[in-house]
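Student:
Protein chains in written order, with the numbering used here: chain Z, 1 to 137; chain P, 1 to 185.
(1) List the residues of chain P whose Cβ lies closer than 9 Å to the Cβ of residue 134 of chain Z, in chain order.
(2) Is residue 2 of chain Z close to chain P, meaning its C-beta is less than 8 Å from at least one C-beta of that chain?
(3) Is there a Cβ of chain Z sitting closer than 8 Å to that of residue 49 of chain P, yes or no?
(4) Are there 16 or more other CB atoms within 10 angstroms of the CB of residue 19 of chain Z, so buried, or fewer, so exposed?
(5) Closer than 9 Å by beta-carbon distance: list the chain Z residues that pair up with residue 101 of chain P, in chain order.
(6) For residue 185 of chain P, go through chain Z and note every residue whose CB falls closer than 9 Å to its CB, in chain order.
(7) Cutting at 6 Å between CB atoms, please list the residues of its own chain near residue 106 of chain Z, excluding the five before and the five after it.
(8) Could you name the residues of chain Z that residue 25 of chain P contacts, counting a contact when the two beta carbons are closer than 7 Å?
(9) So, for residue 109 of chain Z: in the same chain, excluding its five sequence neighbours on each side, which residues have a beta-carbon less than 7 Å away from its beta-carbon?
(10) Here's the rule I'm using: 16 or more other beta-carbon atoms within 10 Å means buried, otherwise exposed. How should residue 21 of chain Z be labelled?
(11) Between residue 144 of chain P and residue 85 of chain Z, how many whole angstroms is the CB-CB distance? I'm expecting something under 8 Å.
(12) Report yes if the CB atom of residue 76 of chain Z is closer than 8 Å to the CB atom of residue 91 of chain P, and no otherwise.
(13) Ignore the nearest five residues each way along the sequence and tell me which others in residue 124 of chain Z's own chain have a CB closer than 8 Å to its CB.
(14) Using only CA atoms, which one of P:10, P:62 and P:46 lies nearest to residue 130 of chain Z?
(15) DSSP three-state label for residue 92 of chain P, please.
(16) For residue 13 of chain P, would you say it is in contact with chain Z, using Cβ-to-Cβ distances shorter than 8 Å as the test?
(17) At 4 residues or longer, what runs of the alpha helix (DSSP H) sit wholly inside the stretch 14-62 of chain Z?
(18) According to DSSP, is residue 133 of chain Z part of a helix, a strand, or is it coil?
(19) State buried or exposed for residue 21 of chain P, treating a residue as buried only when at least 16 other CB atoms are found within 10 Å of its CB.
(20) Quick one: what does DSSP say residue 21 of chain P is sitting in, helix, strand or coil?
(21) If distances are taken between C-alpha atoms only, which option among P:148, P:152, P:184 and P:139 comes closest to residue 80 of chain Z?
(22) Can you list, in chain order, the residues of its chain with a C-beta nearer than 6 Å to that of residue 102 of chain Z? Leave out the 5 residues immediately preceding and following it.
(23) So, does the stretch 53-61 of chain Z touch the stretch 21-30 of chain P, judging by three or more C-beta pairs under 8 Å?
(24) Could you check how far apart the C-beta atoms of residue 156 of chain P and residue 51 of chain Z are, in whole angstroms? I think they sit under 8 Å.
(25) Does residue 57 of chain P get closer than 8 Å to chain Z when you measure Cβ to Cβ?
(26) Please look up how many angstroms separate the CB atoms of residue 119 of chain P and residue 129 of chain P, rounded, as I've assumed it's under 8 Å.
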């Protein structure tokens, strides 16, 4: 039953990524050129509502649909890993024009060369795992 | 209901993303896509090579189901919810992309120069996909999250680390488009 819920949430997510054009390489390029409000509007409005939702859940101690406590785990404090890692991610995001959600959505939409991007992303994740102790965090 | 077949405006799409995050929180999970790449590495046996991949991947099965849904969602959206999936970007951006060799700009969903089958016989195009994908995977894990985990979930929780990561995402993107694109295209 819970599995079905995750599947439906994923389907809604995939449809939203495709229909919003957030999964379009062109929209990512246009965003970094500052030539459209579209992507900023999407991220900005998701964020404003997201902040209200998360802060509301925290302040009002809202329970999950299953009656369990909801916990948010704070991220470790650091600058180096987030900034350096973030820059690597941004370089790839602009080049491949897809982040880790839309990559999969685009496979479903029939763009099979995206499989190359996914395999390469798995390789990148694997190499990070190997080098992790040697990288500044 | 005709609007559903048109591209969704930002004021529909953004709230939908917040709603998806809300649903995941309310079922006791969180919104973050790139951790699935780590889970997939573990399933492929990466735990034998690096400590980072030694964890109980079954605890992340729910997120793999979300990914499966995201694939199905892409299929549904492109086949049943779109009349014509071309992306109407800014005419200036179209001109600009055409001058870089992206003739499909303004008349396709993704550049055919990179995402048509012909790319499999185009070394440069393949290299763009491989390097781009590699950087996304490497960078997302290094930064501990991607657009969903940091820019949406982390910032909604007012996490300073996520703000630093998002600044990094944009710095990287701007460097790629403004400094590196003119060199490679």
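Positions of the beta carbon are idealized from the N, C-alpha and C atoms, including for glycine. None of these values were measured; they are calculated from a predicted model.
Tutor: In terms of the structure at hand:
(1) Correct list: empty, because the minimum Cβ distance to chain P is about 12 Å.
(2) yes
(3) yes
(4) buried
(5) What residue 101 of chain P touches in chain Z: nothing, since even the nearest Cβ is about 13 Å away.
(6) Here the premise fails: no neighbours, minimum Cβ distance about 10 Å.
(7) 23 and 114
(8) 57 and 70
(9) 18
(10) buried
(11) 7 Å
(12) no
(13) 92
(14) P:46
(15) helix
(16) yes
(17) 25-32 and 38-59
(18) helix
(19) buried
(20) helix
(21) P:139
(22) 17 and 23
(23) yes
(24) 5 Å
(25) no
(26) 7 Å
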